[in-house]
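Protein chains: 2
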Amino acid sequence: MWRGACFQERMVDHFGFVNQDTYKQRYLVADQFWNKNDGPIFFYTGNEGDITLFCNNTGFVWDIAPEFHAMIVFAEHRYYGTSLPYGDQSYKDPSKLNYLTSEQALADFATLIEYIKSTTPGSKNSKVVTFGGSYGGMLSAWFRIKYPNIVVGALAASAPILQFHNLTPCSAYDKVVTKTFASYSQNCVDNIRQVYSTIDDLAKSGGNATLSFLTSTFQLCKPLKSSDIDTLEGWLEGIWGYLAMINYPYPANFLEPLPAWPVKGACKPLLNILNGKELIEGVAKSIKFYFNSTGNTQCLNITQQATGNLGTGGWDYQSCTEMVMPMCSDNTTIFRPVEWNYTAISDNCYKQFKVRPRHDWINTNYWGKSLSSASNIIFSNGQYDPWISGGVTQSQSDTVVAIYIKYGAHHLDLRSANPLDTDSVKAARQQEKNIIRQWLYTN
Amino acid sequence: MWRGACFQERMVDHFGFVNQDTYKQRYLVADQFWNKNDGPIFFYTGNEGDITLFCNNTGFVWDIAPEFHAMIVFAEHRYYGTSLPYGDQSYKDPSKLNYLTSEQALADFATLIEYIKSTTPGSKNSKVVTFGGSYGGMLSAWFRIKYPNIVVGALAASAPILQFHNLTPCSAYDKVVTKTFASYSQNCVDNIRQVYSTIDDLAKSGGNATLSFLTSTFQLCKPLKSSDIDTLEGWLEGIWGYLAMINYPYPANFLEPLPAWPVKGACKPLLNILNGKELIEGVAKSIKFYFNSTGNTQCLNITQQATGNLGTGGWDYQSCTEMVMPMCSDNTTIFRPVEWNYTAISDNCYKQFKVRPRHDWINTNYWGKSLSSASNIIFSNGQYDPWISGGVTQSQSDTVVAIYIKYGAHHLDLRSANPLDTDSVKAARQQEKNIIRQWLYTN
Chain A
1 MWRGACFQER MVDHFGFVNQ DTYKQRYLVA DQFWNKNDGP IFFYTGNEGD
51 ITLFCNNTGF VWDIAPEFHA MIVFAEHRYY GTSLPYGDQS YKDPSKLNYL
101 TSEQALADFA TLIEYIKSTT PGSKNSKVVT FGGSYGGMLS AWFRIKYPNI
151 VVGALAASAP ILQFHNLTPC SAYDKVVTKT FASYSQNCVD NIRQVYSTID
201 DLAKSGGNAT LSFLTSTFQL CKPLKSSDID TLEGWLEGIW GYLAMINYPY
251 PANFLEPLPA WPVKGACKPL LNILNGKELI EGVAKSIKFY FNSTGNTQCL
301 NITQQATGNL GTGGWDYQSC TEMVMPMCSD NTTIFRPVEW NYTAISDNCY
351 KQFKVRPRHD WINTNYWGKS LSSASNIIFS NGQYDPWISG GVTQSQSDTV
401 VAIYIKYGAH HLDLRSANPL DTDSVKAARQ QEKNIIRQWL YTN
Chain B
1001 MWRGACFQER MVDHFGFVNQ DTYKQRYLVA DQFWNKNDGP IFFYTGNEGD
1051 ITLFCNNTGF VWDIAPEFHA MIVFAEHRYY GTSLPYGDQS YKDPSKLNYL
1101 TSEQALADFA TLIEYIKSTT PGSKNSKVVT FGGSYGGMLS AWFRIKYPNI
1151 VVGALAASAP ILQFHNLTPC SAYDKVVTKT FASYSQNCVD NIRQVYSTID
1201 DLAKSGGNAT LSFLTSTFQL CKPLKSSDID TLEGWLEGIW GYLAMINYPY
1251 PANFLEPLPA WPVKGACKPL LNILNGKELI EGVAKSIKFY FNSTGNTQCL
1301 NITQQATGNL GTGGWDYQSC TEMVMPMCSD NTTIFRPVEW NYTAISDNCY
1351 KQFKVRPRHD WINTNYWGKS LSSASNIIFS NGQYDPWISG GVTQSQSDTV
1401 VAIYIKYGAH HLDLRSANPL DTDSVKAARQ QEKNIIRQWL YTN
């Protein structure tokens, strides 16, 4: 659908002048709908992953570009996909990772847009609207607040810009996941909440027999060891979050190929209160539903939560520097109770990357909740999406508008129109188009 | 007047996490006027020099703090004064200079304000207004546009934020200086314009006799060599700029101790058209007027244009990286005609600092002329000030307001009230106070 991948030289370091290295940033361009006489540019601010994944899952931009006669650009985030500042050495040592920050990524986007506008005839006066979902949505919003000279407005879908230190209770994410599951079945929630202690108790009493029971029940690729129990339970927890995120009203293949409303499907084996081995078997059915709706998966790997092209190594680094999202859970959720321990996180980051997080900086730099000076941003959030916990869910002004999508999951509005779409997502997209039209055609 | 210098640890690198060094930033605090129950903070964003110089020359802040019950903070800019990230090694090699950028300075200010507010009882909800003149004014304006979460408004006095690539004709500065001199005497302008070729001609024909004539006429500390002629002429040029900048209506001692309206005084020996040696003697009298109004100067040094605490080494580096201000002159000014040669500048920067300027970046990063999204900034400019050439002289919106000070020199409005103040600067200060009051007491 796009005319091919382009690559353009970017500075590795926009914020210092000693390092004069450049790297090739990848971006995808489609200009078949574009009015070459200053038609707008719809610019996707790429996430923590291969840009083709987002290009293929952001159909909304493709759906509306023709009526806006817009050029489409999907820009890859540095250190992901093929946009590696130091090639296969990029992740090799901390000094090479030093340029993986959101500020550098925004500066990449700004200079890329200037490059495109200065080299593409007919685009000099094109207005640029940014789109992004999740971390890409955070970048879209931040791009508008930091570079309104480049961007007339931003659609930030499911962008948890408030999921940071002192802005949102650390248990908020887990509570939304729990609520999403509870909206299908309270028994499902109660069952899942019990599974961790059930596994613990069984492992304690049953020894090797329990381990082989768990291995076969969860159809694991490698025999479970007793030291893997914690990993197994963490793996289960991660899957609940993913299921809520991708609880779309139709079959989709974003992180995993799944039928419509997958939380409903995952809860199906857990509609009655279960205990002991039956509970574990029920949960295993839920998990296999997530991983194996196509029937092609041979066995499961507890160190893997989603396939696809998300570059989790880079995100681990970002979580250890700027993107410190405090997470905790109490005993009211479908997760194990756990406290937020910043010191432990920091020590772990230092061990892994030789860096320490600075959890205040993101709020200083990107304004936290003080958005009254911002303008022309749409924050859309879905009811079922765990990340609504850190989303901007109240309009801040006439031009910083929150859109709530009932029954919506993670950036559902950014996906292609679908016959099974809910009325709420249809209305959200209509409102988004109306606002974008205002950005483009007033003033 | 302040309760003493404070020092606080800042990150050397706000934009990368590998370098975890910190340094001691100096700031001056005065809280004798402050209402300790959330009274405002007046925060001066320090320039390219020792902060005490600006603290002592920004009397406006001191004059108005009592009626606003404001805390006063003057924050030193990194790499100047005592705020040296690597002590006396800070200027020793390019890698140590890498953190001398305006973005790092703004991040210093932001984190310093957060530190002050989190540690000073009664300041948690204090609103912060920034003040700055010249480069400090640019920082004040940029601080507001990039960190409106920290700052409710900025007074940017004589801040040439448009003195950059593609925004302002490169001859604009020189034309203002010429106009300022012409407002006193067109003959003065015509005389100065001729002095360079007069010196050249005399040097060509007169050999050593001319050199010793020039040495004694300008009262130079070191005998002039023929290779110094270019430096001598450049030194003269620099002085015209300084004279226009500090053309205050009363005796002042900012860069040099000078009587009121020093351009008038400097033009006094040049009111009649002069030629040959008489012209050079006339210009020498102007120069000595600038350097020696106190009668204490023994001899003059052509490598020195202003005493005081301006850290010119750091500014040379900043001019070689972000702060690339294109300058040129044609034959209508009191300067020698010269073209702007970016390549030559860049090569010279590489030779000196192993860096090359990026002249597009400052406009990308700080919005250039696209200020429609900005709010709560006052841009004040003086008629006589050369830097009005790159100033924002038209109001951009209801809240981004330009104030023009007739007969005003470089950030005259930031100086203490003086019995000899012009009506225009009095009116400017009154308007500034009214606007600041709005920032503080509405919303």
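The listed protein sequences derive, respectively, from chains A and B. Counting in the working numbering, the first sequence runs from 1 upward without gaps. Counting in the working numbering, the second sequence runs from 1001 upward without gaps. For each residue, glycine too, the CB sits at the ideal point set by N, CA and C. None of the values given here were measured: they were computed from a predicted structure.
Asked, Found
"So W1367/B contacts chain A; which residues on that side make the cut at Cβ distance below 9 Å?", "Y147, P148, N149, I150"
"What in chain C is Cβ-close to V355/A, meaning under 8 Å?", "In the structure shown, chain C cannot be found, because the protein chains are A and B."
"Would you report the Cα separation of S329/A and R336/A, rounded to the nearest angstrom?", "7 Å"
"Check whether the region 418-426 of chain A touches the region 160-176 of chain A, counting contact only when three or more Cβ pairs, one atom from each stretch, lie closer than 8 Å.", "no"
"Quick one: give me the first and last residue of the beta strand (DSSP E) that E1076/B is part of.", "Looking at the DSSP string, E1076/B is not in any beta strand (DSSP E), and its letter there is neither H nor E."
"Our contact map puts V177/A next to V283/A with C-beta atoms below 8 Å; I'd like the distance itself, whole angstroms only.", "Contact doesn't hold; Cβ gap of about 15 Å is too wide."
"Assess, as a yes-or-no matter, whether the region 1097-1104 of chain B is touched by the region 1043-1053 of chain B under the definition of 3 or more beta carbon pairs within less than 8 Å.", "no"
"Along the chain, where does the beta strand (DSSP E) that runs through I41/A open and close?", "41-45"
"Cβ atoms of A1203/B and S1226/B: under 8 Å apart, would you say?", "yes"
"For Q1431/B, which residues from the same chain have a beta carbon less than 7 Å from its beta carbon, with the 5 sequence-adjacent residues on both sides left out?", "I1403"
"At a Cβ cut of 8 Å, what residues of the region 91-117 of chain A count as close to chain B, listed as they run along the chain?", "P94, S95, L97, N98, Y99, T101, E103, Q104, A107, A110, T111, E114"
"Entirely within the region 242-288 of chain A and at least 3 residues each: give me those beta strand (DSSP E) ranges in chain order.", "none"
"Out of S1205/B, I1334/B, I1287/B, which one is the CA nearest neighbour of R1193/B?", "I1334/B"
"In three-state DSSP terms, what is Q1008/B?", "strand"
"I need the boundaries of the beta strand (DSSP E) containing K351/A, first residue and last residue.", "Element bounds for K351/A: not the beta strand (DSSP E) but the alpha helix (DSSP H), 342-353."
"Quick one: grab the DSSP three-state call for K1433/B.", "helix"
"Taking the alpha helix (DSSP H) that F54/A falls in, what are its first and last residues?", "51-56"
"Return the CA-CA distance between R78/A and N296/A, expressed in angstroms with no decimal places.", "33 Å"
"Can you look up T321/A in the DSSP assignment and give me helix, strand or coil?", "coil"
"Using beta carbons (cut-off 8 Å, strictly below), is D444/A in contact with chain B?", "In the structure as shown, chain A starts at 1 and stops at 443, and residue 444/A therefore has no counterpart that could be examined."
"Does DSSP put G1234/B in a helix, in a strand, or in coil?", "helix"
"I believe P969/B touches Y1023/B by the beta-carbon criterion, under 8 Å. Please report the beta-carbon distance rounded to the nearest angstrom.", "Not covered by the structure: residue 969/B. The range shown for chain B is 1001 to 1443."
"Would T364/A count as contacting chain B if we go by Cβ distances under 8 Å?", "yes"
"What would DSSP say about G1314/B, mapped onto helix, strand or coil?", "helix"
"Exposed or buried, which one is R437/A when buried takes at least 16 other CB atoms within 10 Å?", "exposed"
"Beta carbons nearer than 7 Å to chain B: which residues of the region 369-381 of chain A have them?", "S370, S373, S375"
"Under the three-state reduction of DSSP, which class applies to I1161/B: helix, strand or coil?", "coil"
"Within 8 Å of any Cβ in chain A, is that where the Cβ of T1518/B sits?", "Residue 1518/B is absent from the structure shown; chain B starts at 1001 and stops at 1443."
"Rounding to the nearest angstrom, what Cα-Cα distance links L162/A and I362/A in this structure?", "10 Å"
"Where I1345/B and L1236/B are concerned, what is the direct C-alpha to C-alpha distance, given to the nearest angstrom?", "21 Å"
"Measure from the alpha carbon of W1439/B to the alpha carbon of each residue in V1012/B, F1007/B, F1042/B, then state which is nearest.", "F1042/B"
"Under the rule that 16 or more other beta-carbon atoms within 10 Å means buried, what is D1050/B, buried or exposed?", "buried"
"Report the three-state DSSP secondary structure of S126/A (helix, strand or coil).", "coil"
"Which whole-angstrom value is the C-beta distance of L1112/B and Y1027/B, which I expect to be below 8 Å?", "6 Å"
"Across the region 1263-1277 of chain B and the region 1181-1193 of chain B, are there enough close Cβ pairs to call them in contact, namely three or more that are closer than 8 Å?", "yes"
"Who does V177/A pair with in a DSSP beta bridge?", "In the DSSP output, where bridge partners are listed per residue, V177/A has none listed."
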